[in-house]
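Engineer: Let me give you the structure first, and then I'll get to my questions.
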Amino acid sequence: MFTFAYILLALNRYWQFESGYYDLGIFDTALWKVAHFQTPIIDHFKLSGKNIFADHFHPSIFILAPIYWFTDKTEAILVAQAIIVGLSGVVLFHIAKDKLRNAFAAISIVIAYFLFIGLQNALAFDFHEVTVMTLPLMLLYWAIFTEKKKLYYIFLIYLRI
């Protein structure tokens, strides 16, 4: 339900021209260029002619870029962002259920996670690649709690980059 609600919210804002250009436009351009094997040079009024990686390194760009092999629509990254955050809630549920041994308590924790105003504002504000890092972070926690060392190091390195 949460994922579906935020997909509708993001698409509705985008279709009614309520989206901001700054992050959504920059990341849309960068993702499209990376997907088409071009250097992600952003033509922007403040960042004109600069590589997206000159400011920060965004590893999630390489994970999300294949979306643009199938479509060139900006809506795709808005939908992907909501789905990824929704999947992080599924991982959180499994972590909480394993640790607490109580499904009701696990659901309560997931509801609290989804109702956290920081997460809601991140999703309501168009797109930002940091929001996509919620899933690898939850998978890192899952690897810690299940003592899967190889996965722990993989997700730790990915999040560190």
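Just so you know, our numbering puts 32 at position 30 of the sequence shown, and the rest follows in order with no gaps.
Glycine included, every Cβ here is placed at the ideal spot set by N, Cα and C.
(1) Would you decide whether Glu20 is buried or exposed? Buried here means 16 or more other CB atoms lie within 10 Å of its CB.
(2) Please check the pair Ile9 and Val81, which I expect to be a contact at CB under 8 Å, by giving their CB distance rounded to whole angstroms.
(3) Smallest Cα separation from Leu66: which of Ala124, Thr133, Val92, Gly51?
(4) Can you give me the Cβ contacts of Ala105 inside the same chain, cut-off strictly under 7 Å, excluding the 5 residues immediately before and after it?
(5) Comparing alpha-carbon positions, which option in Tyr155, Gly22, Ile156, Leu142 lies nearest His130?
(6) Assign Asn53 to one of three DSSP states: helix, strand, or coil.
(7) Rounded to whole angstroms, what is the Cα-Cα separation between Lys231 and Ile146?
(8) Relative to the alpha-carbon of Trp17, which residue among Glu77, Phe72, Phe116, Asn53 has its alpha-carbon at the smallest distance?
(9) Can you tell me where the alpha helix (DSSP H) with Ser62 in it begins and where it stops?
(10) Leu139 and Tyr154 - do their beta-carbons sit closer together than 8 Å?
(11) Whole angstroms are fine: how far does the CA of Ile43 sit from the CA of Leu33?
(12) Compute the Euclidean distance between the alpha carbons of Ile69 and Arg15, then round it to the nearest angstrom.
(13) Return the first residue and the last residue of the alpha helix (DSSP H) that Phe129 is part of.
(14) Excluding the five sequence neighbours on either side, which residues of its own chain have a C-beta within less than 8 Å of the C-beta of His38, listed in chain order?
Structural biologist: Judging by the given coordinates:
(1) exposed
(2) 5 Å
(3) Thr133
(4) Lys99
(5) Gly22
(6) strand
(7) With the chain represented from 3 up to 163, any question about residue 231 goes unanswered, as that position is not in the structure.
(8) Glu77
(9) 62-66
(10) no
(11) 11 Å
(12) 21 Å
(13) Careful: Phe129 lies outside any alpha helix (DSSP H) and carries neither H nor E.
(14) Tyr70
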